[in-house]
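Trainee: For the sequence shown, full-length UniProt numbering assigns the number 1 to the initial residue and increments by one for each residue that follows. Got a structure for you, written out below as structure tokens; questions coming shortly.
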Amino acid sequence: MRSVGLFGALFFALLAPDAFSVKTNDFKTCSQSGFCRRGRALSARAKDAASSWKSPYSVDASSVSISPSEAVVTAAVKSSLYPEIKFELEVRVHEDGVVRVRMDEKDGLRKRYDEAASWALVAEPVISKDVQWTAGKKDVRAVYGDLSIVVAYDPLRVTLLRKGREQVVLNGQGLLHMEHFRAKESLPEVQADGAGEEAQVPIKAEKLRAWFEGEEEDAFWDEKFNSWTDSKPKGPESLSLDITFPNHGTVYGIPQHATRLALPSTTGDDATFSDPYRLYNADVFEYLASSTMSLYGSIPVMHAHSADSTVAIFNAVASETWIDVHHPTSKSSHSHWISESGIMDVFILPGPTPEDVFAQYARLTGSTPLPAHWSLGYHQCRWNYVSTDDVRTVQKRFDEEDMPVDVFWLDIEYAEEHKYFIWEEKTFPDPVEMTNDVAAVGRKMVVIIDPHLKRTSNYPVYQEASDLEILVKPKSGEGEYEGWCWSGSSSWIDMFNPGSWEWWKSVFKFQRENGWSWTNSTDAVHIWNDMNEPSVFNGPEITMPKDNIHFGGWEHRDVHNINGMLFHNLTSQGVAERTTPHKRPFVLTRSFYAGSQRFGAMWTGDNLGTWDHMTVGVQMVLANGIAGMTFAGSDVGGFFGNPDTDMLVRWYQVGIFSPFFRAHAHIDTKRREPFLLDEPYKGMIKDILRIRYSMLPVWYTAFWESSRTGIPVLRPHYVMFPKDTAGFEIDDQFFIASSGLLVKPVTEKDITETTVYLAEDQVYYNYFTEAPSYGSSKGKRITVPLELSTIPLYIRGGSVVPTRERPRRSSPLMAHDPFTLRVALDKTGFSAKGDLYLDDGEGLTYQTGDYVWRKFVAEKNGKKGVRLASRNLSPAGGEYEKSIKDVRVEKVTILGLANQPKEVKVVGRDEPLAWTYKTVAAGDKGKAVGVLVIKDPAVLITQDWEIVIDV
Numbered sequence: 001m002r003s004v005g006l007f008g009a010l011f012f013a014l015l016a017p018d019a020f021s022v023k024t025n026d027f028k029t030c031s032q033s034g035f036c037r038r039g040r041a042l043s044a045r046a047k048d049a050a051s052s053w054k055s056p057y058s059v060d061a062s063s064v065s066i067s068p069s070e071a072v073v074t075a076a077v078k079s080s081l082y083p084e085i086k087f088e089l090e091v092r093v094h095e096d097g098v099v100r101v102r103m104d105e106k107d108g109l110r111k112r113y114d115e116a117a118s119w120a121l122v123a124e125p126v127i128s129k130d131v132q133w134t135a136g137k138k139d140v141r142a143v144y145g146d147l148s149i150v151v152a153y154d155p156l157r158v159t160l161l162r163k164g165r166e167q168v169v170l171n172g173q174g175l176l177h178m179e180h181f182r183a184k185e186s187l188p189e190v191q192a193d194g195a196g197e198e199a200q201v202p203i204k205a206e207k208l209r210a211w212f213e214g215e216e217e218d219a220f221w222d223e224k225f226n227s228w229t230d231s232k233p234k235g236p237e238s239l240s241l242d243i244t245f246p247n248h249g250t251v252y253g254i255p256q257h258a259t260r261l262a263l264p265s266t267t268g269d270d271a272t273f274s275d276p277y278r279l280y281n282a283d284v285f286e287y288l289a290s291s292t293m294s295l296y297g298s299i300p301v302m303h304a305h306s307a308d309s310t311v312a313i314f315n316a317v318a319s320e321t322w323i324d325v326h327h328p329t330s331k332s333s334h335s336h337w338i339s340e341s342g343i344m345d346v347f348i349l350p351g352p353t354p355e356d357v358f359a360q361y362a363r364l365t366g367s368t369p370l371p372a373h374w375s376l377g378y379h380q381c382r383w384n385y386v387s388t389d390d391v392r393t394v395q396k397r398f399d400e401e402d403m404p405v406d407v408f409w410l411d412i413e414y415a416e417e418h419k420y421f422i423w424e425e426k427t428f429p430d431p432v433e434m435t436n437d438v439a440a441v442g443r444k445m446v447v448i449i450d451p452h453l454k455r456t457s458n459y460p461v462y463q464e465a466s467d468l469e470i471l472v473k474p475k476s477g478e479g480e481y482e483g484w485c486w487s488g489s490s491s492w493i494d495m496f497n498p499g500s501w502e503w504w505k506s507v508f509k510f511q512r513e514n515g516w517s518w519t520n521s522t523d524a525v526h527i528w529n530d531m532n533e534p535s536v537f538n539g540p541e542i543t544m545p546k547d548n549i550h551f552g553g554w555e556h557r558d559v560h561n562i563n564g565m566l567f568h569n570l571t572s573q574g575v576a577e578r579t580t581p582h583k584r585p586f587v588l589t590r591s592f593y594a595g596s597q598r599f600g601a602m603w604t605g606d607n608l609g610t611w612d613h614m615t616v617g618v619q620m621v622l623a624n625g626i627a628g629m630t631f632a633g634s635d636v637g638g639f640f641g642n643p644d645t646d647m648l649v650r651w652y653q654v655g656i657f658s659p660f661f662r663a664h665a666h667i668d669t670k671r672r673e674p675f676l677l678d679e680p681y682k683g684m685i686k687d688i689l690r691i692r693y694s695m696l697p698v699w700y701t702a703f704w705e706s707s708r709t710g711i712p713v714l715r716p717h718y719v720m721f722p723k724d725t726a727g728f729e730i731d732d733q734f735f736i737a738s739s740g741l742l743v744k745p746v747t748e749k750d751i752t753e754t755t756v757y758l759a760e761d762q763v764y765y766n767y768f769t770e771a772p773s774y775g776s777s778k779g780k781r782i783t784v785p786l787e788l789s790t791i792p793l794y795i796r797g798g799s800v801v802p803t804r805e806r807p808r809r810s811s812p813l814m815a816h817d818p819f820t821l822r823v824a825l826d827k828t829g830f831s832a833k834g835d836l837y838l839d840d841g842e843g844l845t846y847q848t849g850d851y852v853w854r855k856f857v858a859e860k861n862g863k864k865g866v867r868l869a870s871r872n873l874s875p876a877g878g879e880y881e882k883s884i885k886d887v888r889v890e891k892v893t894i895l896g897l898a899n900q901p902k903e904v905k906v907v908g909r910d911e912p913l914a915w916t917y918k919t920v921a922a923g924d925k926g927k928a929v930g931v932l933v934i935k936d937p938a939v940l941i942t943q944d945w946e947i948v949i950d951v
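Here it is, written out as structure tokens:
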């Protein structure tokens, strides 16, 4: 074991002032990665060869086998480079039309890692029994509906078409190359050209290999980076694959990167970046605000969009992957995927709408489950609240200033010597009492649990894991890997080992059958998984060596990008199962992969308190939502730095429109809790927080919708208006689910106006002033004057927005508050609709029908009148419904009513309702509108009712 002194030196070096700027030389570029160099060189040779380039991979037509009962075809694939190497192709069509394409080396020297999809998928997809394959002389194909999938034999090429128009093409550019396993011995020498006819075949093969692969072995068996050497005992095993979208000019996805939502090119004359997008989970603090560098999570999902359709691919690979993006024309996109190891396992999602793609992906990897209601409130965090008294003081100050907050967080200093689960007795002597004080007004605590375990016998978590032999092993395969993190000398649980699963979940129990228990905690404490990339301070690229060994003998290089997801998964299960009956867990993760959305929220990591990082944070949250990870947010205020008050106000305005809403700060920053600010800034942020809390019904309903459909909570412009080409690259405004709320965050300093893009011929109402603005069928930008307190927020005509307007200290205290309905009539002045979903907020009984789901519908009544109705969409008579039977609607505001009404009544009552009416001028040159406010209609939220407005 290394000395504490060495770790201390490392620790303080990390805290040095210049440590917190991204050190790009700590992380590889493509030119420093052997397999990426090889993949890019292959692409360059293909470009140079142009029309003479041909993929060496072809299907053996005689081997094609079609399943008689399912839509599955298999075939042998051969490479003219290495005729002796066998490959096998399998193509499946699922019941929903998704196509899965797998290719693996067959009977090779070793087995390639083929388990990535099994971790990501919720279940093995059901294969269609109706789709039929037909084998021909040049291809084998299946036709279903307006789709067809064609597997061309020579060269191998897989194409999805819709109505005969190419949607997705695999190996269309001929860049497929699966580096086969080989012995380390050098290839035998070959004779010169004139040495006789027997030498011609191997010489020809060598020339072909050089033409396709290059003449030199490049980092086949080991690779150096800075002071580290990566041994590669299996030799080269990378996979290159081009995926082309011939009729889709815009691509999105492959988070996590700090860049625009619509992915800029990395090659060609239009290249914005010189390096490919990298997927390799890494601990990058103070990351650049515009870069293709890998960050904390990796989701190998790419959407391609045009006015005609949306398609997507999910490339189920777990190893380090580099992706070049190129737009050869405005209507087509090329991507080149270069992975260090693994098999080809590509899911083609045919769409054709964004909603279809989200649903298809959710059926594969799951959707975000309905989170606990309180987790949608405001989270207050910093590194670190230093004691139980500190926590109590922060809570007291929030209450004194009448600011709502739901969760207080504790970073690593709560734990004795960074031994997670063990409270530091000197500063946190009464953690249960502290938590109970917080929970007394409905609030929760979240504490950090990192994956590194301090290597000391007096730490029961480490000792149990060591005794069970469930820790990651070094490259020798013997003993335990030792690295360095916050705990000093550390080891890491191998979550790929099934023996770790029940044990890790048991650690969260308040009483365990045997051994040590985390007894000094309560079910009001939830969990934050940080550093789970994994972050290793003294490792290559601040992570674990690739030649470490996991369960099953797999190297870390094979599973790196899944590592964080497994830790998140098992932690989430442990938190859920610690109580009977189970409650919804909240577990935040920094590292993630496809399918991580099933286990909780994520945040965008160690951002900076700058305007650029505020801007890119919005784009990153949108990109994560595209790839399924919709419960996302960026640290309000930035983790590093000391933002000024104007920036803090603007960042809180951004934060209240993020699915996950947390303020966080580094240990070296000044305290910046909102109650510490001077006026008018303190008052502004209090008002901002109250907006978030008033809209919690909107957010909760949005998550309910997302949990059922897979559609992200924050919807980019192209999702809402898929045919509006002018909006395909818009990523500075968005809609909140189907609520009709359009948000344009202000992320620039000292600007006095901004513009909001309205894509349609529809009226939009300013949420705060109620003034209407009118869009155009050709798209229109409206100018919005700005004060620091201004939030550009609009209600789309045709929407009903339910809110709760009573200020409370935390969201659980709002459970029986009355509702306000904002009814924003569409441009006709008669129609609107909206949803409201409610349940107990914490338990799982909603899964068996114990919830309230209401539909509000406004429609024309007579020639000029409007009828507003509440309709039930949920099972009636549940326990939760009974518990809120007295909750009422206390106010209805109807925007866009053409004329002052004569009478407003609830159907079935004789007495008219009290109301006021006013006219509001348009925000532009459009017509003014009427606003009707109905005061306390005394209708219940759980009952059907109708309000008639007689004009």
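Glycine is no exception: its CB is placed at the ideal position from the N, C-alpha and C atoms.
Could you tell me the boundaries of the beta strand (DSSP E) in which Q943 lies?
Mentor: If you number the sequence shown from 1, residue 943 lands on position 943. That residue, Q943, is in no beta strand (DSSP E); it is neither H nor E in DSSP.
Trainee: Taking only three categories from DSSP, how would you classify D390?
Mentor: Position 390 of the sequence shown, counting from 1, holds the residue named residue 390. DSSP places D390 in helix when its eight states are reduced to three.
Trainee: Between F631, P328, G908 and D222, which has its C-alpha nearest L370's C-alpha?
Mentor: Taking the sequence shown and counting its residues from 1, the one referred to as residue 370 is at position 370. Among F631, P328, G908 and D222, the Cα nearest to that of L370 belongs to F631.
Trainee: Taking the straight line between their C-alpha atoms, what separation do you get for T74 and Y57?
Mentor: Taking the sequence shown and counting its residues from 1, one reaches residue 74 at position 74. Taking the sequence shown and counting its residues from 1, one reaches residue 57 at position 57. Spanning the two alpha carbons is a distance of roughly 15 angstroms.
Trainee: Let me confirm a value: L676 is counted as buried when at least 16 other C-beta atoms fall within 10 Å, else exposed. Which label applies?
Mentor: For the purposes of this step, residue 676 is taken as the residue at position 676 of the sequence shown. Burial call: exposed.
Trainee: In terms of residues, what are the limits of the beta strand (DSSP E) holding D437?
Mentor: The residue labelled residue 437 in the question sits at position 437 within the sequence shown. That residue, D437, is in no beta strand (DSSP E); its alpha helix (DSSP H) goes P431 to A439.
Trainee: Hey, quick one: how far does the beta strand (DSSP E) through H568 stretch, first residue to last?
Mentor: One-based indexing of the sequence shown puts residue 568 at position 568. Premise fails: H568 lies in the alpha helix (DSSP H), N563 to E577, not in any beta strand (DSSP E).
Trainee: I need the boundaries of the alpha helix (DSSP H) containing C485, first residue and last residue.
Mentor: For the purposes of this step, residue 485 is taken as the residue at position 485 of the sequence shown. Note, C485: premise wrong, no alpha helix (DSSP H); beta strand (DSSP E) at G483 to C485.
Trainee: Quick one: give me the first and last residue of the beta strand (DSSP E) that S773 is part of.
Mentor: By one-based count along the sequence shown, residue 773 stands at place 773. Counting along the chain, the beta strand (DSSP E) containing S773 begins and ends at P772 to Y774.
Trainee: Buried or exposed: where does I667 fall if 16 or more other Cβ atoms within 10 Å of its Cβ makes it buried?
Mentor: Numbered from 1 along the sequence shown, position 667 holds the residue referred to as residue 667. I667 is exposed by the Cβ-count criterion.
Trainee: Thinking C-alpha only, which one of D558, F537, D402 and S291 is nearest residue 969?
Mentor: Absent from the structure is residue 969, since the part of the chain shown begins at 1 and ends at 951.
Trainee: Note the first and the last residue of the continuous alpha helix (DSSP H) segment covering T615.
Mentor: Numbered from its first residue, the sequence shown carries residue 615 at position 615. It spans W611 to I626 - the alpha helix (DSSP H) in which T615 sits, taken as one unbroken run.
Trainee: Taking V301 as the reference, which of D644, S335, D283 and S341 has the closest Cα?
Mentor: Here residue 301 refers to the residue found at position 301 when the sequence shown is read from its first residue. When only C-alpha atoms are compared, the closest one is S335.
Trainee: Taking C-beta to C-beta, are V158 and V91 nearer than 8 angstroms?
Mentor: The count along the sequence shown starts at 1 and reaches residue 158 at position 158. The count along the sequence shown starts at 1 and reaches residue 91 at position 91. Closer than 8 angstroms, so yes.
Trainee: Can you have a look at I751 and say buried or exposed, based on whether 16 or more other CB atoms are within 10 angstroms of its CB?
Mentor: Here residue 751 is taken as the residue at index 751 of the sequence shown, counted from 1. Label assigned to I751: exposed.
Trainee: By the three-class DSSP mapping on this structure, what secondary structure does T893 have?
Mentor: Residue mapping note: residue 893 aligns to position 893 of the sequence shown, counting from 1. Residue state, collapsed to three classes: strand.
Trainee: Where are the beta strand (DSSP E) runs, 3 residues long or more, that stay fully inside the segment 776-804, in chain order?
Mentor: With a minimum length of 3 residues, the continuous beta strand (DSSP E) runs that stay inside the segment 776-804 are 780-785, 793-796 and 799-803.
Trainee: Out of G479, S810 and E577, point me to the one whose CA is closest to Q511's CA.
Mentor: Here residue 511 refers to the residue found at position 511 of the sequence shown. Comparing Cα-Cα distances from Q511 to each of G479, S810 and E577, the minimum goes to E577.
Trainee: Among the residues of its own chain, which have a CB less than 7 angstroms from the CB of N642, if the five just before and after it don't count?
Mentor: As a working note, residue 642 is residue 642 in the sequence shown. Excluding residues within five positions, the ones whose Cβ falls inside 7 angstroms are G609, T669 and K670.
Trainee: So, helix, strand or coil for P937, using DSSP?
Mentor: Residue numbering aside, residue 937 sits at position 937 when the sequence shown is read from its first letter. It is a strand residue.
Trainee: Use the C-beta contact count for T393: other C-beta atoms within 10 angstroms, 16 or more gives buried, fewer gives exposed.
Mentor: By 1-based counting over the sequence shown, the position of residue 393 is 393. That one is exposed.
Trainee: Among H180, C30 and K927, which residue has its Cα nearest to the Cα of S294?
Mentor: Locating residue 294 in the sequence shown gives position 294, where the first residue counts as 1. The shortest C-alpha separation from S294 is found at C30.
Trainee: Flag this pair as touching only if the segment 587-599 and the segment 520-531 have three or more C-beta atom pairs under 8 angstroms; answer yes or no.
Mentor: At 8 angstroms Cβ cutoff, the stretches touch.
Trainee: Going by beta-carbon coordinates alone, are S591 and G908 separated by less than 8 angstroms?
Mentor: Here the question's residue 591 lines up with position 591 in the sequence shown. Here the question's residue 908 lines up with position 908 in the sequence shown. Going by C-beta atoms, S591 is not nearer than 8 angstroms to G908.
Trainee: Within a Cβ cutoff of 6 angstroms, which residues of the same chain sit near Q573, ignoring the five residues on either side of it in sequence?
Mentor: As a position in the sequence shown, residue 573 is number 573, starting the count at 1. Contacts found: K505.
Trainee: To which residues of the same chain is N899 closer than 7 angstroms at the C-beta, ignoring the five residues directly before and after it?
Mentor: Reading the sequence shown from its first residue, position 899 is the one you call residue 899. Contacts found: K864, G930 and V951.
Trainee: Among D839, W492 and R692, which one has its Cα closest to the Cα of K882?
Mentor: The residue given as residue 882 occupies position 882 in the sequence shown. Minimum Cα distance to K882 is reached at D839.
Trainee: Could you check whether I884 and I941 sit closer than 8 angstroms to each other, using their CB atoms as the reference points?
Mentor: What you label residue 941 is simply residue 941 of the sequence shown in a count that begins at 1. What you label residue 884 is simply residue 884 of the sequence shown in a count that begins at 1. Contact flag set, yes.
Trainee: Cα separation between A759 and K780?
Mentor: Start at 1 with the first residue of the sequence shown, and residue 759 comes out as number 759. Start at 1 with the first residue of the sequence shown, and residue 780 comes out as number 780. Rounded to the nearest angstrom, the two C-alpha atoms are 6 angstroms apart.
Trainee: Tell me whether L187 sits in a helix, a strand or coil according to DSSP, three-state version.
Mentor: Residue mapping note: residue 187 aligns to position 187 of the sequence shown, counting from 1. Caution is warranted here: a pLDDT of 48 is assigned to L187, below 50, making its placement in the model unreliable, and the coordinate value is therefore given only provisionally. The answer is coil: DSSP assigns L187 none of H, G, I, E or B.
Trainee: Quick one: Cα of T24 to Cα of Q32, how far?
Mentor: Residue mapping note: residue 24 aligns to position 24 of the sequence shown, counting from 1. Residue mapping note: residue 32 aligns to position 32 of the sequence shown, counting from 1. Looking at the two C-alpha atoms, the distance is approximately 12 angstroms.
Trainee: What residue from D644, F703, A594 and V746 has the CA that sits closest to A116's CA?
Mentor: As a first step, residue 116 is located in the sequence shown; it is residue number 116 there, counting from the start. Measuring from the Cα of A116, the nearest candidate turns out to be A594.
Trainee: Which residues does DSSP list as the beta-bridge partners of E88?
Mentor: For the purposes of this step, residue 88 is identified with residue 88 of the sequence shown, where counting begins at 1. Answer by DSSP bridge pairing, in chain order: A76 and D104.
Trainee: Which of the three DSSP states is assigned to W603 in this structure?
Mentor: Along the sequence shown, one-based indexing puts residue 603 at 603. Of the three classes helix, strand and coil, the one that applies to W603 here is strand, per DSSP.
Trainee: Does the CB of A289 have a neighbour CB from chain C at under 8 angstroms?
Mentor: Judged by its chain identifiers, the structure shown contains no chain C, having just a single protein chain.
Trainee: So if DSSP puts G235 in a beta bridge, which residue, or which two residues, is it bridged to?
Mentor: Reading the sequence shown from its first residue, position 235 is the one you call residue 235. None; G235 has no bridge partner.
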